[in-house]
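In what follows, a single structure is set out as structure tokens and then discussed.
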Amino acid sequence: KPITVTVENKSNIFGEADPQLTYSVSENGLVGSDTLSNINLSRTDGENVGTYAINLNQSDGSNPNYDITFVPGTFTIGTKSITPEVALSQDTFTYNRGQQKPTVYVRYNGTDMSTSDYEVLYSTDGNNFITTIDSKNKGTYYIKVEAKDSGNYTFDSITKTYTINPKP
Numbered sequence: 196k197p198i199t200v201t202v203e204n205k206s207n208i209f210g211e212a213d214p215q216l217t218y219s220v221s222e223n224g225l226v227g228s229d230t231l232s233n234i235n236l237s238r239t240d241g242e243n244v245g246t247y248a249i250n251l252n253q254s255d256g257s258n259p260n261y262d263i264t265f266v267p268g269t270f271t272i273g274t275k276s277i278t279p280e281v282a283l284s285q286d287t288f289t290y291n292r293g294q295q296k297p298t299v300y301v302r303y304n305g306t307d308m309s310t311s312d313y314e315v316l317y318s319t320d321g322n323n324f325i326t327t328i329d330s331k332n333k334g335t336y337y338i339k340v341e342a343k344d345s346g347n348y349t350f351d352s353i354t355k356t357y358t359i360n361p362k363p
């Protein structure tokens, strides 16, 4: 008898355990109290935010009374909303005619985050942020850390400042 077995789409949030993969059989598909055996479900490898295929098949010789059409599904991993910690290696410098910028540390749960999940932007006025800055002059500089659209996390941007003071 022809029947259709369809994977039920599943999802989770980055860092969570996968839910159990399941399938459904077309309505009025199985005869009487029949059940299917040896149906194998697996999803494409990957743990980052994105969409992955869920495939299914059956072991050879299983379910001989049915001509099964398998319909794959989709597994979606969504971004995780977090509040990271942002720290600067130092927040004050003394003018020395050279380029001066602090190292930016971005951590979540005490672990350094991957730069694929965030970007660091710079500004001299706190408004117009860019990816690089010439920070040789005296004054206050702004650093903003934002989640990348393609990253595994989402969070509100965090702004820090550092100052280059006049030479005493």
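In my numbering, the protein residues as written are 196 to 363. For every residue, glycine included, the Cβ atom is placed at its ideal position computed from N, Cα and C.
Answer yes or no: do residue i and residue j have a C-beta to C-beta separation smaller than 9 Å?
i, j, result
"Val301", "Met308", "yes"
"Thr201", "Gly305", "no"
"Tyr218", "Ile208", "no"
"Ile249", "Leu231", "no"
"Ile359", "Asn332", "yes"
"Lys196", "Asp255", "no"
"Lys339", "Ile353", "yes"
"Gln294", "Asp329", "yes"
"Asn252", "Phe270", "no"
"Thr199", "Ser228", "no"
Using DSSP's beta-bridge definition, name the partner residues of residue i.
i, result
"Lys343", "BP columns for Lys343 are empty, so no partner."
"Gly273", "Ile208"
"Pro197", "Asp262"
"Glu280", "Arg302"
"Asp307", "Arg302"
"Lys362", "According to DSSP, which records beta bridges pairwise, Lys362 is partnered with nothing at all."
"Pro335", "Correcting the residue identity first, residue 335 is Thr in this sequence and not Pro. In the DSSP output, where bridge partners are listed per residue, Thr335 has Thr358."
Which residue marks the beginning of the beta strand (DSSP E) containing residue i, and which one marks its end?
i, result
"Asp262", "Asp262 to Val266"
"Arg238", "Ile234 to Arg238"
"Ser219", "Tyr218 to Val220"
"Ser373", "This structure cannot settle anything about residue 373, because the visible part of the chain is limited to 196 through 363."
"Asn223", "Element bounds for Asn223: n/a, residue is neither H nor E."
"Gly321", "Neither: Gly321 is in no beta strand (DSSP E) and is coded neither H nor E."
"Asn243", "Careful: Asn243 lies outside any beta strand (DSSP E) and carries neither H nor E."
"Phe350", "Unbroken run through Phe350: none, as it is neither H nor E."
"Thr289", "Thr287 to Thr289"
Give me the Cβ distance between residue i and residue j, rounded to the nearest whole Å; I'm assuming they're in contact under 8 Å.
i, j, result
"Ala342", "Tyr317", "About 17 Å separates the two Cβ atoms, so there is no contact after all."
"Tyr357", "Pro297", "5 Å"
"Ile272", "Val244", "5 Å"
"Thr287", "Asn347", "Not quite, the Cβ-Cβ distance comes to about 33 Å (not below 8 Å), so this is no contact."
Rounded to a whole number of angstroms, what is the C-alpha to C-alpha distance between residue i and residue j?
i, j, result
"Glu203", "Leu216", "7 Å"
"Val226", "Asn260", "9 Å"
"Tyr336", "Tyr303", "24 Å"
"Asp213", "Ser206", "8 Å"
"Thr327", "Thr319", "11 Å"
"Thr349", "Ser311", "12 Å"
"Val299", "Asp351", "17 Å"
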